[in-house]
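Taking the working numbering, the leading residue of the sequence shown gets 101, the next gets one more, and so forth.
Report on the following structure.
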Amino acid sequence: MPGFRRWGKSKFQKNPESSFKLLAAVLVITLYLIIKEFSHPTVHVARPPAIGAHIQFADWKNGADRADREKAEKVRNAMKYTFEKYRENAWGKDDILPVSGGHSSTRNGWGAFIVDAATTMALMGLWDELAQAVEHIVMIDFTRSDALVDPFETTIRYLGSMVSLVDLYDAGVIPENVITSEARDMILEQAVTLANCLGPAYDTPTGMPWPRVDLSKSKGVGDPPSVYKADPKKIKYDHPAVGPARAGSSILENRALTRLTGNPIYTKNSTLSWAPLVWSKWTPAFHGLVDAPIDIVTGAPVGRQRHWDAGHDSYYEYLVKMTLLAPQSDPYLDSYKTTFINATKSLRKYLGSRSAPPPPPGYAMQHLFIGRSNDDWYENRQSHLACFAPGTILLASKFYNLPEFRTYALALLEGCHHTYTSTPSKIGPESWSWIPKFGFEDPVYLPTTTREKAERKASGFWSADPGYKGRPEYVESLFYAYRITGETRFREWAWEAFEAIEKHCKAPYGYAQLSDVYRVNKAEWPSDGGGRWKDVQESFWAAETLKYLWLTFADVDVANLDRWVFTTEAHPLRMMR
């Protein structure tokens with residue numbers, strides 16, 4: 101059993117007691133540059149490798165690979181609007197409140213929007229905005245937080261973005277007059293500082309992370325709402341438990357950090373974090389699918405939830421993306437590939453189901469959705485988050501040469517598309533249910549209200565949560581589908597989604613979440629005073645949703661999938677194949 105593991109200190113790490121005053125930062129960087137010349141310097145690559153993974157479609161016709169400049173510019177303008185309203189009203193805070201113009205700090209007050217959105221600015225060429233973001237990033241004190249730190253969200257939103265910025269600079273995407281070499285090294289130093297602060301999360305017997313980190317004590321701590329009781333006959337106390345996404349979604353970011361710094365501790369700890377998932381000692385009910393949540397002390401499943409939806413999703417995403425990111429000499433690549441293939445086959449066999457047509461006079465077509473398994477029950481419910489699956493499976497279908505996966509992925513994408521086209525707003529709901537056509541005679545969820553029955557009659561599914569949270573997963577899969585298949589219909593679907601979002605979500609200070617994608621007329625808005633909008637704009641709106649939309653209309657060589665791997669928060673990392 102592995103012993104106590106803390107992130108090792110490196111020459112990049114700053115004294116936790118030091119301030120981030122500009123002069124001190126310059127002195128630290130100067131000293132670092134001198135030391136670097138006499139140690140093991142980071143290799144700067146002017147351009148990404150010419151030969152990559154051969155993912156993208158190559159036989160383009162009629163200029164379909166070129167940018168649709170008009171549409172791309174409209175998405176870029178949405179990003180500019182988002183940034184300007186944030187800068188004017190909430191600079192330095194985690195998020196702006198897009199309806200009222202207020203602000204919130206739910207991600208430790210480090211300016212989550214600034215950091216998370218920085219790679220979108222870089223790809224879009226918003227250089228003035230990026231320069232302002234970098235000025236903020238290099239001054240953040242990641243050693244301090246008034247609240248407990250979530251290592252999962254912090255890794256994907258903060259750490260992933262900073263590592264990606266370094267990769268984008270090293271690949272020549274970001275010009276020197278926007279980020280200098282000194283600024284590049286300061287961003288890397290910040291990434292190392294943050295990674296070291298998150299290190300105590302992995303100080304567990306299994307290596308699986310604590311749900312939270314107390315920075316003031318440099319200690320991992322439990323998250324009381326998600327503590328599961330262990331077997332009282334074997335263990336006399338309770339242990340925190342986490343889902344697969346929390347344990348299995350740090351390896352891309354930390355693997356890239358090891359590559360940039362030469363420090364193997366980041367790869368070691370993030371690999372050990374998901375080892376109990378990839379090489380589980382417990383036999384799962386469905387081959388390749390993790391039973392969860394999992395006790396972080398014993399590694400034993402304390403629940404029997406199996407799915408690719410919220411809380412599980414990005415673990416499966418990272419299995420295939422790790423085989424793309426890591427060099428071919430990695431001894432574990434076959435394990436990751438095999439696990440992903442098995443998980444996809446089990447998803448298709450056990451969790452996918454077609455919607456049964458509604459009773460006459462209903463006319464809805466059948467569509468393929470992804471359900472969930474909870475112990476012995478099949479839950480006929482999918483959330484918007486699970487619409488990432490088509491894009492991820494398409495990646496695998498091309499890289500692993502599995503054409504049957506392509507067929508399955510496109511069928512799933514058709515289902516997600518159907519949820520968008522079936523609502524008056526033309527935006528899909530947060531979650532929905534359906535009556536499975538085959539194999540499930542006693543579904544957990546049935547339409548009971550007049551509204552649910554009417555929605556099922558019209559479209560074959562009904563909303564469980566009719567809101568829209570600005571989520572990226574559907575347009576993310578459209579991006580992958582366009583780049584991998586070359587079919588222009590996916591660009592058309594992406595444009596339809598953007599136009600709907602622009603029409604219904606644009607608010608006075610940003611882009612708001614929708615209360616109900618079915619209620620587009622003012623007379624239908626909720627009477628509780630909330631109106632059609634929710635006063636929330638998460639950083640993933642800029643980091644992911646707008647980025648994937650813009651990339652779908654950009655030239656296909658921008659962030660080419662043969663040379664770049666996107667993290668679950670859409671931060672591109674260089675392949676080193």
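The beta carbon of each residue, even a glycine, is placed where N, CA and C say it ideally should be.
Report buried or exposed for residue i, applying the criterion of at least 16 other Cβ atoms within 10 angstroms of its Cβ.
i: Pro393; result: buried
i: Asp434; result: exposed
i: Thr444; result: buried
i: Leu513; result: buried
i: Ala217; result: buried
i: Pro461; result: exposed
i: Val126; result: Residue placement at Val126 cannot be trusted, given a pLDDT of 32 that sits under 50; what the coordinates show is reported in the next sentence. Val126 comes out exposed.
i: Phe538; result: exposed
i: Ser316; result: exposed
i: Asn115; result: The predicted position of Asn115 is uncertain, since its pLDDT is 38 and thus under 50; no value can be drawn from it.
i: Ser559; result: buried
i: His671; result: buried
i: Thr182; result: buried
i: Pro275; result: exposed
i: Gln428; result: exposed
i: Asp159; result: exposed
i: Arg359; result: buried
i: His154; result: exposed
i: Met465; result: exposed
Go to residue i, then tell me how far its alpha helix (DSSP H) extends in each direction, as first and last residue.
i: Val687; result: Summary: the structure shown does not reach residue 687, with the chain confined to residues 101 through 677, and so no result is reported for it.
i: Asn474; result: No alpha helix (DSSP H) holds Asn474; the beta strand (DSSP E) holding it covers Arg472 to Asn474.
i: Val266; result: Gly260 to Asp270
i: Asp216; result: Ala212 to Met224
i: Asp434; result: Leu433 to Ser446
i: Arg355; result: Ile351 to Thr361
i: Val378; result: Ile365 to Val378
i: Val342; result: Careful: Val342 lies outside any alpha helix (DSSP H), inside the beta strand (DSSP E) at His339 to Val342.
If distances are taken between C-alpha atoms only, which option among the options comes closest to residue i?
i: Pro458; options: Gly528, Arg556 and Thr371; result: Arg556
i: Val238; options: Ala654, Ile287 and Tyr186; result: Ile287
i: Ala607; options: Gly570, Val575, Arg591 and Thr550; result: Gly570
i: Ala231; options: Lys634, Leu494, Tyr269 and Trp382; result: Tyr269
i: Ser261; options: Thr219, Glu229 and Ser414; result: Thr219
i: Glu417; options: Arg448, Phe469 and Ser350; result: Ser350
i: Gly452; options: Leu485, Ser429, Gly515 and Leu424; result: Gly515
i: Trp227; options: Ile196, Arg244 and Thr280; result: Thr280
i: Asp475; options: Trp641, Ser200, Tyr450 and Ala464; result: Tyr450
i: Leu485; options: Ala496, Arg472, Ser497 and Trp477; result: Arg472
i: Asn352; options: Trp650, Met308, Thr423 and Ser522; result: In the sequence as displayed, the identity of residue 352 is Leu instead of Asn. The option with the nearest alpha carbon to Leu352 is Thr423.
i: Ala705; options: Lys193, Gly201 and Leu197; result: The shown model of the chain, from 101 to 677, leaves out residue 705, and the question about it has no answer.
i: Tyr209; options: Ile240, Phe499, Tyr436 and Phe561; result: The amino acid occupying residue 209 in the given sequence is Gly; Tyr does not appear at that position. Selected option, being the one with the closest Cα: Ile240.
Taking residue i as part of the beta strand (DSSP E), name the residues at either end of that continuous run.
i: Tyr478; result: Trp477 to Glu479
i: Phe666; result: Trp664 to Phe666
i: Gln405; result: Pro401 to Arg406
i: Ala678; result: The structure shown has nothing for residue 678, since the chain only spans 101 to 677.
i: Val313; result: Arg312 to Asp314
Can you round the beta-carbon distance between residue i and residue j to whole angstroms, since I take them to be within the 8 angstroms contact cut?
i: Gly320; j: Asp303; result: 6 angstroms
i: Val402; j: Asp409; result: Contact doesn't hold; Cβ gap of about 18 angstroms is too wide.
i: Arg481; j: Tyr520; result: Incorrect: roughly 18 angstroms between the Cβ atoms, too far for contact.
i: Ala426; j: Leu494; result: The pair is not a contact, with the Cβ atoms about 20 angstroms apart (cut-off 8 angstroms).
i: Thr293; j: Phe242; result: 5 angstroms
i: Glu552; j: Ile256; result: About 34 angstroms separates the two Cβ atoms, so there is no contact after all.
i: Trp382; j: Phe469; result: With 8 angstroms as the limit, Trp382 and Phe469 do not qualify as a contact, their Cβ atoms being about 28 angstroms apart.
i: Gly388; j: Thr439; result: 6 angstroms
Check whether the Cβ atoms of residue i and residue j lie closer than 9 angstroms to each other.
i: Phe666; j: Lys421; result: yes
i: Ser563; j: Ser531; result: yes
i: Gly567; j: Pro529; result: yes
i: Leu372; j: Asn363; result: no
i: Val313; j: Val249; result: yes
i: Ser318; j: Cys297; result: yes
i: Ser89; j: Arg169; result: Because residue 89 is not part of the residues shown, which for the chain are 101 to 677, the question remains open.
i: Gln637; j: Ala600; result: no
i: Leu646; j: Val278; result: no
i: Phe598; j: Ala247; result: no
i: Pro384; j: Gly399; result: no
i: Tyr508; j: Phe579; result: no
i: Met675; j: Asp662; result: yes
i: Ala659; j: Leu223; result: yes
i: Asp195; j: Gly586; result: no
i: His236; j: Gly272; result: no
i: Asp565; j: Val199; result: no
i: Val397; j: Gly348; result: no
i: Trp374; j: Pro344; result: yes
i: Arg454; j: Pro536; result: yes
With hydrogens ignored, establish whether the beta-carbon of residue i is closer than 8 angstroms to any heavy atom of the ligand NAP.
i: Gly299; result: Inclusion of the ligand NAP in the displayed structure is not the case, the ligand content being empty and no account of it being possible.
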